[in-house]
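Since the structure comes first, as structure tokens, the remarks are kept for the end.
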Amino acid sequence: MEKRITALLLAALMIFSFSACGKKDTDNKTSQSDGVTTAAKVSDVKITPSEAKQTRLVDYKTSDFSMKIPEGWTVTTGGSGMFHAIRVTDPKNPINQIFFLLKA
Numbered sequence: 021m022e023k024r025i026t027a028l029l030l031a032a033l034m035i036f037s038f039s040a041c042g043k044k045d046t047d048n049k050t051s052q053s054d055g056v057t058t059a060a061k062v063s064d065v066k067i068t069p070s071e072a073k074q075t076r077l078v079d080y081k082t083s084d085f086s087m088k089i090p091e092g093w094t095v096t097t098g099g100s101g102m103f104h105a106i107r108v109t110d111p112k113n114p115i116n117q118i119f120f121l122l123k124a
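Sequence positions in the sequence shown follow my numbering and run 21 to 124.
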């Protein structure tokens, strides 16, 4: 009996909480519809091309692996046995780097 009462109370609580979320704004006078479309507003935005779009990839090959890296980047490898570590860095900006730790 207690489970039924608890279930009914929870159901009533859910119904009231959902009905509170569905309130619509009835004050239409505050909305400003001046006929300007979204496309016209977007034209004011300046788009800057990213460096990633201009990146050219080149092949990097060793006896153990091969991959494509950004042109001008350096590769540092290490490891022994079945563990390999590969680090690819940008000499112009050392923050730009890729690191792989592989278990063969």
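We put the CB at the ideal spot given by N, CA and C, even for glycine.
The structure presented is a predicted model; accordingly, all values stated were derived computationally and were not measured.
For residue i, three-class secondary structure by DSSP
i: A105; result: strand
i: S39; result: helix
i: T68; result: coil
Opening and closing residue of the beta strand (DSSP E) in which residue i lies
i: P90; result: 86-90
i: Q117; result: 117-123
i: D79; result: 77-81
i: S63; result: Counting along the chain, S63 falls outside any beta strand (DSSP E), and DSSP gives it neither H nor E.
Between the CA atoms of residue j and residue i - distance to the nearest angstrom
i: F36; j: T26; result: 15 Å
i: D79; j: E91; result: 9 Å
Contacting residues, own chain, Cβ-Cβ under 7 Å from residue i (five flanking each side not counted)
i: K123; result: M102, F103
Per-residue burial, residue i [other beta carbons within 10 Å of its own, 16 or more giving buried]
i: I106; result: buried
Residue i CB to nearest heavy atom of the ligand GDP below 7 Å
i: P90; result: Judged by which ligands are present, the structure shown has none, so any question about the ligand GDP falls away.
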